[in-house]
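At position 202 of the sequence shown the residue is numbered 213 (this note's numbering), and the sequence of numbers has no breaks.
Built from N, CA and C at the ideal position, the CB exists for glycine as well.
From a predicted model like this one, the values you see are computed outputs, not experimental measurements.
Okay, structure first, notes after.
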Amino acid sequence: MSSAHAVVFMYPLQGHIIPTYKLATNLAAKGVLVTVVCTHGCHARIIKANNGRDPFAQSLMGSNIRSALVSDGLPQEFDRSLNHDEFNNAVLNKMESHVEELMEDLQRKGPPISCIITDTFFVWPDRIAKKFGIPYVSFWTESVMVFSIYYHLDLLVKNGHYPFTSDESELINYIPGAPALKLTDLPSYLQERDISTPEHRIIYEAFQSARGADWIISNTVEELESRTIQELQVQSGIPFCSVGPLFQHHHSKGEVGTSMWVESDCRSWLDTKPKNSVVYVSFGSYAHVSKAQVHEMAMGLLDSKRPFLWVLRPDIVSSDVQDILPEGFMEDSKEQGLVVEWVSQLDVLSHSSVGGFLTHCGWNSIVESLWLGVPMLAFPLLTDQYTNCRLIVDEWGVAMNLGQVSRSSNRMRSMLVVHQEIAVTIAEFMEIDGQEGKRLRSNVGCVREIMKKAVMNGGSSQKNLEGFVDYLKGREQSRSLSFTA
Ligand code: UDP
Numbered sequence: 012m013s014s015a016h017a018v019v020f021m022y023p024l025q026g027h028i029i030p031t032y033k034l035a036t037n038l039a040a041k042g043v044l045v046t047v048v049c050t051h052g053c054h055a056r057i058i059k060a061n062n063g064r065d066p067f068a069q070s071l072m073g074s075n076i077r078s079a080l081v082s083d084g085l086p087q088e089f090d091r092s093l094n095h096d097e098f099n100n101a102v103l104n105k106m107e108s109h110v111e112e113l114m115e116d117l118q119r120k121g122p123p124i125s126c127i128i129t130d131t132f133f134v135w136p137d138r139i140a141k142k143f144g145i146p147y148v149s150f151w152t153e154s155v156m157v158f159s160i161y162y163h164l165d166l167l168v169k170n171g172h173y174p175f176t177s178d179e180s181e182l183i184n185y186i187p188g189a190p191a192l193k194l195t196d197l198p199s200y201l202q203e204r205d206i207s208t209p210e211h212r213i214i215y216e217a218f219q220s221a222r223g224a225d226w227i228i229s230n231t232v233e234e235l236e237s238r239t240i241q242e243l244q245v246q247s248g249i250p251f252c253s254v255g256p257l258f259q260h261h262h263s264k265g266e267v268g269t270s271m272w273v274e275s276d277c278r279s280w281l282d283t284k285p286k287n288s289v290v291y292v293s294f295g296s297y298a299h300v301s302k303a304q305v306h307e308m309a310m311g312l313l314d315s316k317r318p319f320l321w322v323l324r325p326d327i328v329s330s331d332v333q334d335i336l337p338e339g340f341m342e343d344s345k346e347q348g349l350v351v352e353w354v355s356q357l358d359v360l361s362h363s364s365v366g367g368f369l370t371h372c373g374w375n376s377i378v379e380s381l382w383l384g385v386p387m388l389a390f391p392l393l394t395d396q397y398t399n400c401r402l403i404v405d406e407w408g409v410a411m412n413l414g415q416v417s418r419s420s421n422r423m424r425s426m427l428v429v430h431q432e433i434a435v436t437i438a439e440f441m442e443i444d445g446q447e448g449k450r451l452r453s454n455v456g457c458v459r460e461i462m463k464k465a466v467m468n469g470g471s472s473q474k475n476l477e478g479f480v481d482y483l484k485g486r487e488q489s490r491s492l493s494f495t496a
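Here you go:
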């Protein structure tokens with residue numbers, strides 16, 4: 012019997028590559044033949060960051076899986092971080108023709124392609140699937156609440172909330188399956204008045220394309236977002252299957268990771284710190300932060316008097332801005348903290364000395380923190396992070412909010428969270444045995460339990476993945492039967 016063959020396209024950003032890689036290997040482990048496609052640009056960066064080792068090498072990926080490369084339409088060495096708009100424009104307008112060429116090549120070489128699995132943010136899956144006469148599966152790497160908001164953009168328009176209105180006191184109480192949201196809970200792109208940017212076009216076109224998907228797979232856990240998922244299934248009529256959490260704990264297994272920056276090994280530094288004492292700080296892989304905010308954060312961390320491990324990407328302000336820390340900070344903080352460019356986040360979060368995670372609220376970071384039982388201090392910066400912040404602070408009670416005081420006196424996107432507030436909030440957050448600390452830890456424990464159950468045999472994520480694989484295999488079987496008939 013011929014095996015189902017899925018071609019899996021990764022969105023060329025770190026936060027998308029990590030869960031997509033894991034989805035691809037999980038599918039391969041269940042007997043699906045997978046071709047996983049990365050862009051030349053990301054692939055080159057991953058190999059460089061991994062000292063020449065390639066996580067996409069055939070010898071590492073196993074027998075059911077192989078990799079292919081595609082162009083995102085930009086030269087390999089182009090600085091995508093410095094030019095987000097050009098990068099987004101390329102993915103929006105130039106990548107599709109390269110995808111089409113690759114698909115033709117894969118089709119020619121065989122085995123026949125059963126379906127494509129593409130990140131929801133690509134704008135072309137419907138067209139490519141139609142051209143090749145195959146189904147397409149949309150893979151969503153963020154919270155389902157965010158999916159639902161984008162999916163119901165028409166409701167925001169109808170209610171006069173998109174483009175963004177200035178009356179921040181209004182509530183959005185009409186997104187099916189979602190709680191009443193403040194305008195400031197929306198993804199950042201929906202809080203902007205100028206909706207002519209490449210990001211806005213990507214969101215609009217990608218969600219038009221997703222409407223025709225045959226399946227939607229998401230990196231969440233069904234029990235955590237069940238109402239939103241149920242409503243989406245009803246509204247869209249598309250099977251919605253949650254298979255999270257998806258991440259690759261490569262160090263613990265000796266695998267090669269997919270990091271695009273060189274990872275510092277901080278374990279020996281962490282070993283010297285007492286249990287639950289360290290606050291881990293990271294703003295993820297994509298967002299930029301102003302130099303002024305970096306300075307406030309630096310002073311706030313110092314003044315909190317808590318040990319800290321701070322990931323500061325070299326491009327955090329911009330890849331053409333150096334010396335971003337306040338003068339004398341490294342010297343003043345050398346007993347208290349460690350600043351690095353990138354780490355194996357799962358290694359850090361699983362270390363017993365880490366007691367809390369000051370996070371930008373990227374979805375992967377949230378999922379990883381919960382999986383490893385670490386409460387969060389929410390510091391959203393961009394895109395889905397505001398909505399995720401709402402989920403983890405108000406809905407699940409697993410995080411405290413950082414910046415409420417500063418935000419209440421500033422329009423949120425232009426605000427600066429000042430160091431006094433940062434220091435006080437971190438100190439309170441890291442009071443592990445305080446009332447708030449106990450509440451957060453207990454709630455994190457409950458969510459963690461739900462996640463662990465979901466991936467066990469018979470758990471929802473396992474069952475959902477198996478259901479999807481059965482669909483693929485069943486489709487392939489009836490296709491080969493119809494060929495032989
Ligand atoms: N990450 C990492 N090392 C770091 C910082 C982040 O490995 O020093 C990983 C993190 O584990 C997560 C991803 O990068 O899987 C970031 O994704 P997330 O959705 O949290 O944020 P984004 O980068 O998409 O904004």
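Helix, strand or coil, according to DSSP, for T398 in the structure here?
Residue state for T398 is assigned as helix, using DSSP reduced to three classes.
Taking contact to mean 3 or more Cβ pairs, one atom from each stretch, closer than 8 Å, check whether the stretch 276-288 and the stretch 353-366 are in contact.
Enough Cβ pairs lie closer than 8 Å, so yes.
Could you tell me if the beta carbon of I29 falls within a distance shorter than 7 Å of some heavy atom in the ligand UDP?
Remark: the C-beta of I29 is in contact range of the ligand UDP, defined as less than 7 Å to any heavy atom.
Would you grab the beta carbon distance between P386 and V409 for me? Rounded to a whole angstrom, and I think it's under 8 Å.
Separation of the CB atoms of P386 and V409 is rounded to 6 Å, and the pair is thereby assigned contact status at 8 Å.
Which residues does DSSP list as the beta-bridge partners of I127?
I127 is bridged by DSSP to V18 and Y147.
Assign L182 to buried or exposed, taking buried as 16 or more other Cβ atoms, counted over all protein chains shown, within 10 Å of its Cβ.
L182 comes out exposed.
First and last residue of the uninterrupted beta strand (DSSP E) at L349
Per DSSP, the unbroken beta strand (DSSP E) holding L349 starts and ends at G348 to V351.
Bounding residues of the alpha helix (DSSP H) (the contiguous stretch that carries Y32):
Secondary structure note for Y32: its alpha helix (DSSP H) is the uninterrupted segment Q25 to A40.
Only counting runs of 3 or more residues, tell me where the beta strand (DSSP E) segments fall wholly within the stretch 220-304, in order along the chain.
DSSP runs (the beta strand (DSSP E)) wholly in the stretch 220-304: 226-229, 251-253 and 289-293.
Threshold first: 4 residues or longer. Then list the alpha helix (DSSP H) segments lying entirely within the stretch 151-226, N to C.
Correct list: 155-162, 164-169 and 209-221.
Near H16, which residues of its chain fall below 6 Å by C-beta distance, leaving aside the five closest residues on each side in sequence?
L44, P122, I124 and S125.
In whole angstroms, what is the alpha-carbon distance linking C252 and L117?
Rounded to whole angstroms, the separation of the alpha carbons of L117 and C252 is 27 Å.
For N75, which of helix, strand or coil comes out of DSSP?
The answer is coil: DSSP assigns N75 none of H, G, I, E or B.
Could you pull out every residue in the same chain whose Cβ sits closer than 7 Å to the Cβ of Q69, ignoring the five residues on either side in sequence?
Listed in chain order, the non-local C-beta contacts of Q69 below 7 Å within the same chain comprise R77, local neighbours out to five positions each way being set aside.
Within the present structure, is the beta-carbon of S229 separated from the nearest heavy atom of the ligand UDP by less than 7 Å?
Not one heavy atom of the ligand UDP is found less than 7 Å from the C-beta of S229.
Just how far apart, CA to CA, sit K302 and S330?
If you draw a straight line from the Cα of K302 to the Cα of S330, it is about 12 Å long.
Could you tell me the distance, in whole angstroms, from the CA atom of I487 to the CA atom of P136?
Rather than Ile, the amino acid found at residue 487 in this sequence is Glu. E487 and P136 have their C-alpha atoms roughly 20 Å apart.
Taking the C-alpha atoms as reference points, what is the distance between L192 and S74?
S74 has its alpha-carbon roughly 46 Å from the corresponding atom of L192.
Euclidean distance between Cα positions of E111 and R138:
C-alpha separation (whole angstroms): 10 Å.
Can the beta-carbon of T152 be found less than 8 Å from the beta-carbon of W374?
The beta carbons of T152 and W374 sit closer together than 8 Å.
If you draw a straight line from the C-alpha of V328 to the C-alpha of P391, how long is it?
Spanning the two alpha carbons is a distance of roughly 16 Å.
Would P198 be called buried (16 or more neighbouring beta carbons within 10 Å of its own) or exposed?
Sixteen is the threshold: when 16 or more other Cβ atoms of the shown chains lie within 10 Å of the Cβ of P198, as they do, the residue is buried.
How many angstroms separate the CA atom of L320 from the CA atom of E274?
Cα to Cα, the separation comes out at about 13 Å.
Rounded straight-line distance, which links the Cα of G52 to that of D90
Here the alpha carbon of D90 sits roughly 10 Å from the alpha carbon of G52.
Any non-hydrogen atom of the ligand UDP closer than 7 Å to G26 Cβ
Result yes, Cβ under 7 Å from the ligand UDP.
Could you name the residues of the same chain whose beta carbon sits closer than 7 Å to that of L294, not counting the 5 residues immediately before and after it, in chain order?
The amino acid at residue 294 is misidentified as Leu; the sequence shows Phe. So the qualifying residues of the chain are V300, I327, H371 and L392.
With a threshold of 6 Å on Cβ separation, who are the neighbours of G470 within its own chain once the five nearest residues in sequence on each side are excluded?
Counting only Cβ-Cβ distances below 6 Å, and skipping sequence neighbours, we find K464.
So is C457 buried or exposed if we call it buried at 16+ other beta carbons inside 10 Å?
Around the CB of C457, fewer than 16 other CB atoms lie within 10 Å, so the residue is classed as exposed.
Please check the pair A224 and S149, which I expect to be a contact at CB under 8 Å, by giving their CB distance rounded to whole angstroms.
S149 and A224 do touch by the CB rule: their CB atoms are close to 4 Å apart, below 8 Å.
Stretch pair the stretch 228-241 + the stretch 155-173: three plus CB contacts closer than 8 Å:
Enough Cβ pairs lie closer than 8 Å, so yes.
Please indicate yes or no: does the CB of E266 lie closer than 7 Å to some heavy atom of the ligand UDP?
No, since every heavy atom of the ligand UDP falls outside the 7 Å radius drawn around the Cβ of E266.
S296, buried or exposed, once every other Cβ within 10 Å from all chains shown has been counted against 16
Counting Cβ neighbours within 10 Å, S296 comes out buried, since at least 16 surround it.
Report the partner residues of L320 according to the DSSP bridge assignment.
Per DSSP, the beta bridge partners of L320 are Y291 and L349.
F440 by DSSP, collapsed to three states: which one?
In the three-state reduction of the DSSP assignment, F440 falls in the helix class.
Kindly identify the DSSP beta-bridge partner or partners of A389.
According to DSSP, which records beta bridges pairwise, A389 is partnered with T370 and N412.
In three-state terms, what does DSSP make of L44?
The answer is strand: DSSP assigns L44 an E or B state.
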